[in-house]
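Residue numbers (mature numbering (1 follows the signal peptide of the UniProt record, and there is no 0)): -19 to -1, 1 to 140. Note that beta-carbon positions come from the ideal geometry of N, C-alpha and C, so glycine has one too. These figures come from a predicted structure and were not determined experimentally.
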Amino acid sequence: MALTDLVLLVLLCTALVFSIIELGLSADAVDLSIGASVAHDRFSFVVFCSVWTLLLASFFIFFPYFSSRRDTERLMAPLTIALNAVTMIFWLAGFAAVADLFGGGNPQGVAGALLAFAVMLWLLFLAILILNILTATGVLRSERMGHSRLTTGKPAATV
């Protein structure tokens, strides 16, 4: 397993664990904010982001082990980039919506932890997206399904 493959797998597993933590925190925040419609809607969006991330990270971790490489490889590279880009945008919107609730203040307790994990998940998916683009363009090489090159020729670097 190449270093790029290992880094991608570690980032995806970390995103999966953080998403489980974020799901618990955001579900608690939704429960506590039942009366406030604006806060309730924003925390509910973070619940959606957490469930989306659980499904997506699980798919990207386990799908390569259960699929034949020839059948789906050409479709998986652009799909991987698109889904990771959408997930990164979801987390950006999620943590921005929660941060906007506090108007520049310092959130405490559950809200502070929710905001911190949302920012970390956004950064994780930003890193995953950058690695996906680098492997798709041939700057890095990866043997993992969904990270094949979109261009032809030899890769510039092997990491």
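Ends of the alpha helix (DSSP H) at residue i?
i, result
"residue 7", "-17 to 13"
For the ligand ZN, is there any heavy atom lying closer than 7 Å to the beta carbon of residue i?
i, result
"residue 17", "Among the ligands in the structure shown, none appear at all, so the ligand ZN cannot be discussed."
Tell me the rounded alpha-carbon separation between residue i and residue j.
i, j, result
"residue 184", "residue 75", "There is no way to answer for residue 184, as the model of the chain reaches only from -19 to 140."
"residue 16", "residue -2", "27 Å"
"residue 24", "residue -12", "28 Å"
"residue 30", "residue 85", "23 Å"
"residue 124", "residue 13", "45 Å"
"residue -6", "residue 47", "21 Å"
"residue 110", "residue 89", "30 Å"
"residue 55", "residue 108", "22 Å"
"residue 44", "residue -18", "18 Å"
Can you give the beta carbon distance from residue i to residue j, rounded, assuming they're within the 8 Å contact cut?
i, j, result
"residue 96", "residue 80", "6 Å"
"residue 9", "residue 91", "5 Å"
"residue 4", "residue 32", "7 Å"
"residue 117", "residue 58", "5 Å"
"residue 121", "residue 112", "7 Å"
Threshold first: 4 residues or longer. Then list the alpha helix (DSSP H) segments lying entirely within the segment 20 to 105, N to C. 50 to 82
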